[in-house]
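Numbering (UniProt numbering), first residue to last: 1 to 169.
For reference, the structure discussed in these notes is given below.
Here it is, written out as C-alpha coordinates:
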(Lines of atoms letter the chains of each structure in order from A and count residues from 1; the text may use other names and numbers.)
(Lines give C-alpha, C1' and ligand atoms only; values in the text may rest on other atoms or scores of the structure.)
Protein backbone atom coordinates (compact mmCIF):
# COMPACT_ATOMS: atom_id res chain seq x y z
CA UNK A 1 0.00 0.00 0.00
CA UNK A 2 1.38 3.38 -0.90
CA UNK A 3 2.24 5.96 1.66
CA UNK A 4 -0.54 8.29 0.43
CA UNK A 5 -3.22 5.61 0.85
CA UNK A 6 -2.01 4.80 4.39
CA UNK A 7 -2.25 8.46 5.36
CA UNK A 8 -5.66 8.68 3.70
CA UNK A 9 -6.89 5.62 5.60
CA UNK A 10 -5.70 7.09 8.89
CA UNK A 11 -7.60 10.39 8.48
CA UNK A 12 -10.42 11.09 10.96
CA UNK A 13 -13.14 10.80 8.30
CA UNK A 14 -16.05 10.67 10.71
CA UNK A 15 -15.07 14.01 12.29
CA UNK A 16 -14.47 15.56 8.87
CA UNK A 17 -17.88 14.46 7.55
CA UNK A 18 -19.69 15.57 10.73
CA UNK A 19 -18.03 18.97 10.54
CA UNK A 20 -18.90 19.37 6.85
CA UNK A 21 -22.54 18.41 7.42
CA UNK A 22 -22.99 20.73 10.39
CA UNK A 23 -21.48 23.65 8.46
CA UNK A 24 -23.66 22.90 5.43
CA UNK A 25 -26.76 22.90 7.64
CA UNK A 26 -25.84 26.23 9.24
CA UNK A 27 -25.13 27.82 5.85
CA UNK A 28 -28.35 26.38 4.39
CA UNK A 29 -30.42 27.71 7.30
CA UNK A 30 -28.79 31.13 7.01
CA UNK A 31 -29.49 31.34 3.29
CA UNK A 32 -33.10 30.29 3.84
CA UNK A 33 -33.69 32.88 6.57
CA UNK A 34 -32.16 35.65 4.46
CA UNK A 35 -34.21 34.60 1.41
CA UNK A 36 -37.49 34.40 3.33
CA UNK A 37 -37.10 37.36 5.71
CA UNK A 38 -34.57 39.89 4.41
CA UNK A 39 -33.97 39.89 0.65
CA UNK A 40 -34.49 37.50 -2.24
CA UNK A 41 -33.88 37.27 -5.96
CA UNK A 42 -36.96 37.05 -8.17
CA UNK A 43 -37.40 36.33 -11.85
CA UNK A 44 -40.79 37.81 -12.86
CA UNK A 45 -42.08 36.98 -16.32
CA UNK A 46 -45.01 38.10 -18.42
CA UNK A 47 -46.27 41.20 -20.22
CA UNK A 48 -48.11 42.94 -17.37
CA UNK A 49 -45.19 45.12 -16.25
CA UNK A 50 -43.92 46.19 -19.68
CA UNK A 51 -41.91 48.35 -20.23
CA UNK A 52 -40.49 48.48 -16.66
CA UNK A 53 -39.79 44.71 -16.59
CA UNK A 54 -39.04 42.73 -19.74
CA UNK A 55 -41.57 40.15 -20.94
CA UNK A 56 -39.06 37.29 -20.58
CA UNK A 57 -38.22 38.55 -17.13
CA UNK A 58 -35.43 40.39 -15.42
CA UNK A 59 -33.58 39.22 -12.36
CA UNK A 60 -34.70 41.62 -9.63
CA UNK A 61 -34.08 42.01 -5.90
CA UNK A 62 -37.10 41.87 -3.59
CA UNK A 63 -36.58 43.68 -0.28
CA UNK A 64 -38.66 41.78 2.30
CA UNK A 65 -38.08 44.24 5.15
CA UNK A 66 -39.83 47.15 3.39
CA UNK A 67 -43.01 45.15 3.00
CA UNK A 68 -42.90 43.88 6.60
CA UNK A 69 -42.38 47.34 8.11
CA UNK A 70 -44.81 49.20 5.83
CA UNK A 71 -42.22 51.12 3.85
CA UNK A 72 -44.26 50.82 0.65
CA UNK A 73 -45.73 53.83 -1.13
CA UNK A 74 -47.43 54.69 -4.43
CA UNK A 75 -45.09 54.20 -7.38
CA UNK A 76 -43.27 51.25 -5.79
CA UNK A 77 -43.26 47.86 -7.47
CA UNK A 78 -44.26 45.12 -5.03
CA UNK A 79 -44.23 41.34 -4.98
CA UNK A 80 -47.26 39.60 -3.46
CA UNK A 81 -49.15 36.35 -3.23
CA UNK A 82 -51.87 36.29 -5.88
CA UNK A 83 -55.31 36.67 -4.32
CA UNK A 84 -56.68 34.49 -7.14
CA UNK A 85 -54.10 31.68 -6.95
CA UNK A 86 -52.08 31.45 -3.70
CA UNK A 87 -49.49 29.26 -5.43
CA UNK A 88 -48.41 32.21 -7.59
CA UNK A 89 -46.27 35.22 -6.75
CA UNK A 90 -47.12 38.37 -8.72
CA UNK A 91 -45.40 41.71 -9.27
CA UNK A 92 -47.35 44.95 -9.83
CA UNK A 93 -47.03 48.67 -9.17
CA UNK A 94 -48.74 50.33 -6.18
CA UNK A 95 -51.15 53.08 -7.28
CA UNK A 96 -52.90 53.75 -4.00
CA UNK A 97 -52.63 53.15 -0.26
CA UNK A 98 -55.45 52.84 2.26
CA UNK A 99 -57.71 55.87 2.18
CA UNK A 100 -56.56 56.99 -1.28
CA UNK A 101 -59.11 57.55 -4.05
CA UNK A 102 -57.95 55.74 -7.19
CA UNK A 103 -59.47 56.35 -10.62
CA UNK A 104 -58.91 53.65 -13.21
CA UNK A 105 -60.13 52.69 -16.68
CA UNK A 106 -62.63 49.84 -16.41
CA UNK A 107 -61.89 48.39 -19.87
CA UNK A 108 -58.97 50.34 -21.40
CA UNK A 109 -59.00 48.36 -24.65
CA UNK A 110 -62.64 49.14 -25.51
CA UNK A 111 -63.71 52.36 -23.80
CA UNK A 112 -62.74 55.43 -21.82
CA UNK A 113 -65.14 54.60 -18.97
CA UNK A 114 -63.47 55.14 -15.63
CA UNK A 115 -64.36 54.28 -12.07
CA UNK A 116 -63.13 55.71 -8.79
CA UNK A 117 -62.68 53.64 -5.63
CA UNK A 118 -61.43 54.47 -2.17
CA UNK A 119 -58.86 51.94 -0.99
CA UNK A 120 -60.12 50.38 2.27
CA UNK A 121 -58.10 50.12 5.47
CA UNK A 122 -55.39 47.45 5.37
CA UNK A 123 -55.37 47.31 1.56
CA UNK A 124 -53.47 48.76 -1.39
CA UNK A 125 -54.38 49.24 -5.05
CA UNK A 126 -52.01 47.59 -7.54
CA UNK A 127 -51.91 47.64 -11.33
CA UNK A 128 -49.55 46.42 -14.00
CA UNK A 129 -47.80 49.07 -16.09
CA UNK A 130 -49.22 47.43 -19.22
CA UNK A 131 -52.91 48.02 -18.45
CA UNK A 132 -54.00 46.27 -21.64
CA UNK A 133 -52.51 42.95 -20.54
CA UNK A 134 -52.57 42.79 -16.75
CA UNK A 135 -54.70 41.08 -14.14
CA UNK A 136 -54.63 43.40 -11.16
CA UNK A 137 -56.82 45.32 -8.70
CA UNK A 138 -59.16 46.25 -11.54
CA UNK A 139 -60.20 42.58 -11.58
CA UNK A 140 -59.64 41.33 -8.02
CA UNK A 141 -60.19 44.61 -6.14
CA UNK A 142 -58.02 46.18 -3.45
CA UNK A 143 -55.18 43.91 -2.34
CA UNK A 144 -54.93 43.02 1.36
CA UNK A 145 -51.57 44.38 2.54
CA UNK A 146 -50.86 41.08 4.31
CA UNK A 147 -50.33 39.43 0.90
CA UNK A 148 -47.43 41.78 0.07
CA UNK A 149 -44.14 40.00 0.75
CA UNK A 150 -41.56 42.19 -0.95
CA UNK A 151 -40.74 45.51 -2.56
CA UNK A 152 -38.73 45.34 -5.76
CA UNK A 153 -35.75 47.58 -5.15
CA UNK A 154 -33.49 47.01 -8.17
CA UNK A 155 -32.79 45.05 -11.32
CA UNK A 156 -29.65 42.91 -11.51
CA UNK A 157 -29.98 41.35 -14.97
CA UNK A 158 -29.78 42.18 -17.78
CA UNK A 159 -26.66 44.19 -17.01
CA UNK A 160 -27.66 47.01 -19.38
CA UNK A 161 -30.74 47.59 -17.21
CA UNK A 162 -28.90 47.27 -13.88
CA UNK A 163 -30.21 49.64 -11.22
CA UNK A 164 -33.50 50.85 -9.82
CA UNK A 165 -36.81 50.24 -11.53
CA UNK A 166 -38.45 53.50 -12.57
CA UNK A 167 -41.05 54.86 -10.19
CA UNK A 168 -44.33 56.03 -11.73
CA UNK A 169 -46.61 58.22 -9.67
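Yeah, the Cβ is synthetic: ideal placement off N, Cα and C, and Gly gets one too.
A quick note: this is a predicted structure, and the numbers were derived from the prediction, not measured.
- For residue 125, no alpha helix (DSSP H) encloses it; the enclosing beta strand (DSSP E) starts and ends at 123 to 127.
- Residue pairing by DSSP places residue 92 opposite 78 in a beta bridge.
- Between the C-alpha atoms of residue 69 and residue 154 there is a straight-line separation of about 19 angstroms.
- Residue environment analysis places residue 96 among the buried positions, since at least 16 neighbouring C-beta atoms fall within 10 angstroms of its C-beta.
- Boundaries of the beta strand (DSSP E) harbouring residue 150: 148 to 157, taken from the DSSP string.
- Just measuring C-alpha positions, the residue of 147, 3, 41 sitting nearest residue 156 is 41.
- Following the DSSP letters along the chain, one finds residue 65 inside the alpha helix (DSSP H) bounded by residues 64 to 68.
- Within the DSSP bridge table, the entry for residue 141 names no partner.
- The alpha-carbon of residue 135 is positioned some 18 angstroms away from that of residue 116.
- For the pair residue 144 and residue 14, the Cα-to-Cα distance works out to about 51 angstroms.
- By the criterion of a C-beta distance shorter than 7 angstroms, residue 137 is surrounded in its chain by 125, 126, 127, 143, once the five residues flanking it on both sides are discounted.
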